[in-house]
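Reading through the structure tokens given below for one structure.
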Amino acid sequence: MLTNSHFMGETYSILVKIPPLNSQTKNPLSLRTTGPAHAWWQRTTAVILIPLALWLAFSFSNHVLSSYEDATMWLTQPVVAILFCLAFILLVLHAYLGIVVVIGDYAASNRITSLVVVSRIFAVTAIIVTVSLVISLF
Amino acid sequence: MNPQSNRPLSPHLQIYRPQITSIMSIMHRGTGIFFILGIMGIMVWVITLASGVIAFSFYQNILRTIPGVIFLISLSFSLFYHLANGIRHLLWDFGWGYKINQVYLTSWIVVSTACLLTVILWVRLTLY
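In order, the protein sequences belong to chains B and Z.
First residue of the first sequence? That's 44 in the numbering used here, and the numbers climb one at a time after it.
First residue of the second sequence? That's 6 in the numbering used here, and the numbers climb one at a time after it.
If you want it as structure tokens, here you go:
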């Protein structure tokens with residue numbers, strides 16, 4: 044039987060009452076991290092993404108359908124390139140942490156590990172491909 | 006299921022009346038999963054940009070079709086909804102907003118913020 048969210052069992056809020064360290068069971072969903080570590084990573088990426096995702100939405104949207112020259116000019120500004128890569132990495136990490144929870148909720152228990160590994164491979168590939176291609180534009 | 010166990014039962018969805026709270030909750034998950042397509046779309050955008058003008062305009066032409074634009078509008082709404090509702094979740098993490106009237110109020114704030122930001126984004130895009 045899975046105990047995927049049992050660290051949240053007694054309290055609604057991990058920030059109000061942090062689970063004691065000795066109560067950590069190895070979380071079967073995130074392979075190596077424990078439940079509290081997963082929850083903290085999810086919230087940390089979420090907080091940083093509040094300004095970054097708003098910036099991405101309102102800045103990137105001007106260039107999605109613009110001309111090739113305009114899009115290249117925009118993305119090759121150093122500040123834009125750094126923010127873009129940072130936003131992309133955090134989006135992928137946050138999505139990975141989220142999809143791990145979704146897999147744990149809906150997938151059959153013998154499929155969980157393989158689905159999480161596939162998600163992790165997708166996440167790492169997406170980050171490497173996108174960041175290296177942004178760098179290659181310079 | 007073992008009837009002797011004291012483990013909580015999840016609500017049976019077929020007989021459970023939809024409420025703003027349950028709709029908001031599943032929408033948060035739905036928009037989050039849907040935005041993975043957005044992440045892939047951003048990745049393809051960067052790949053085509055790095056591949057040259059032909060690939061880039063080919064991708065843009067797909068996005069400019071009516072299904073493409075509907076996809077982009079849904080993506081922007083998903084992002085804004087998940088962002089606004091995510092802030093609501095963070096407030097819950099700090100222990101604020103558990104009273105039922107606060108839950109209903111913040112639900113409507115989240116929905117209207119998401120709609121408003123989507124409208125602002127697309128009005129801005131069509132005007133400039």
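Heads up, the beta-carbon is just placed ideally off N, CA and C, and yes, glycines get one too.
Which of the residues in the segment 83 to 96 of chain B, read from start to end, lie with their CB under 9 Å from any CB of chain Z?
R86, A89, V90, L92, I93, A96
Interface residues of chain B around G37 (chain Z) at Cβ under 9 Å?
As a position in the second sequence, residue 37 (chain Z) is number 32, starting the count at 1. Those within 9 Å of G37 (chain Z) in chain B are H137, A138, G141, I142, V145.
Helix, strand or coil: which one does DSSP assign to T173 (chain B)?
The sequence position of residue 173 (chain B) within the first sequence is 130, counting from 1. Of the three classes helix, strand and coil, the one that applies to T173 (chain B) here is helix, per DSSP.
Mind checking which residues open and close the alpha helix (DSSP H) that includes F99 (chain Z)?
Taking the second sequence and counting its residues from 1, one reaches residue 99 (chain Z) at position 94. Unbroken run through F99 (chain Z): none, as it is neither H nor E.
On the DSSP letters alone, give me the boundaries of the alpha helix (DSSP H) that P94 (chain B) sits inside.
What you label residue 94 (chain B) is simply residue 51 of the first sequence in a count that begins at 1. 78 to 98 is the span of the alpha helix (DSSP H), which, as asked, contains P94 (chain B).
By the three-class DSSP mapping on this structure, what secondary structure does R163 (chain B) have?
Looking up residue 163 (chain B) in the first sequence gives position 120. In the structure shown, R163 (chain B) sits in a helix (DSSP, three-state: H, G or I).
From the beta carbon of I155 (chain B), is the nearest beta carbon of chain Z less than 7 Å away?
Along the first sequence, one-based indexing puts residue 155 (chain B) at 112. Not an interface residue.
Using DSSP with H/G/I as helix, E/B as strand and the rest coil, what is P13 (chain Z)?
Numbered from 1 along the second sequence, position 8 holds the residue referred to as residue 13 (chain Z). Note: P13 (chain Z) maps to coil in three-state DSSP.
If you reduce the DSSP assignment to three classes, tell me which class V145 (chain B) lands in.
The residue labelled residue 145 (chain B) in the question sits at position 102 within the first sequence. The answer is helix: DSSP assigns V145 (chain B) an H, G or I state.
Reduced DSSP secondary structure (H/G/I, E/B, other) of Y64 (chain Z):
As a first step, residue 64 (chain Z) is located in the second sequence; it is residue number 59 there, counting from the start. Of the three classes helix, strand and coil, the one that applies to Y64 (chain Z) here is helix, per DSSP.
Can you look up V124 (chain Z) in the DSSP assignment and give me helix, strand or coil?
Counting from 1 along the second sequence, the entry for residue 124 (chain Z) is found at position 119. The answer is helix: DSSP assigns V124 (chain Z) an H, G or I state.
Is the separation between the beta-carbon of A96 (chain B) and that of L88 (chain Z) shorter than 7 Å?
Here residue 96 (chain B) is taken as the residue at index 53 of the first sequence, counted from 1. Here residue 88 (chain Z) is taken as the residue at index 83 of the second sequence, counted from 1. For A96 (chain B) and L88 (chain Z), yes; Cβs fall inside 7 Å.
For G100 (chain Z) and Y139 (chain B), the rounded distance between their alpha carbons:
By 1-based counting over the first sequence, the position of residue 139 (chain B) is 96. By 1-based counting over the second sequence, the position of residue 100 (chain Z) is 95. About 26 Å.
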